[in-house]
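Taking it in order: structure first as structure tokens, then the write-up.
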Amino acid sequence: MQKVLQRFNIDNDTKSVRTPLAPHFKLKVIMSLTIVEEREYMTRVPYASAVGSLMHAMVCTRLDLSQAISMISRYMHDPEKGHLEAVKWVLRYIKGTIDVGLVFERDSTGKQECIGYVDSNYAGDLDKHRSTTGYMFTLSQAPVSWRSILQSTVALSTTEAEYMVMTEAMKEAIWLQGLLDDLGIEHDLLKINCDSINAIYLAKNQA
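For the sequence shown, this note's numbering begins at 96 and goes up steadily by one.
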């Protein structure tokens, strides 16, 4: 990641930030009236390369980048300066958290507890008004599976968006359950936490 920071002139004099992506970034396909000079400038910027490097870090260890990478990766085909500013913000966050990593601890009881957490961002996409699916599963108190992605269809309510998240998380939970069994890891019943009572009710009725 140090090489990526250097490529975008993120050095010791650059001020770091405390969040992966600030709320004031309202990203969409067309950010402004693009002028010719700006478009020519963006053709020389390795936007896709930077996003790809950040995506690699996110997939391997940095789940805290998931939502931010999900957003900035949508515009790799034709980025504008507004999108580039968002990428630079993520890089400034990386600068301040370069030593952050995952820590796994052995449970003294001999059993491992796998817990899932799910949530959605209702209609957060400014272009097609789709919601975001987000989930994370922990084992030994550290994340082992995570995802942040736009939902394939437009949800008509927050309950529907949360239910779609629950569906994706349940599929991941079933896969994790099988993986832990195949590896011979003794574990308690896998749990999933959701903050939508209606979505939980629907999921239980469908089970």
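Think of the CB as a built atom: it goes at the ideal place given N, C-alpha and C, for glycine as much as any other residue.
Because the structure is a prediction, the values reported are computed rather than measured.
Buried or exposed for SER127, please, with buried defined as at least 16 other CB atoms from any protein chain shown within 10 angstroms of its CB. exposed
With distances taken from CA atoms, which of LEU149, GLY177, TYR212, SER226 is nearest LYS123? GLY177
Can you tell me whether DSSP reads GLY229 as helix, strand or coil? strand
Three-way DSSP call (helix, strand, coil) for ASP220 in this model: coil
Pull up the CB-CB distance for LEU309 and CYS209, whole angstroms please, since I reckon it's below 8 Å. Beyond the ends of the chain as shown, which are 96 and 302, falls residue 309; an answer cannot be given.
Could you tell me which residues DSSP pairs with TRP241 in its beta bridges? MET231
Give a yes or no on whether the C-beta atoms belonging to PHE103 and LEU160 are separated by under 9 Å. no
Whether GLY196 touches LYS286 by CB criterion (9 Å): no
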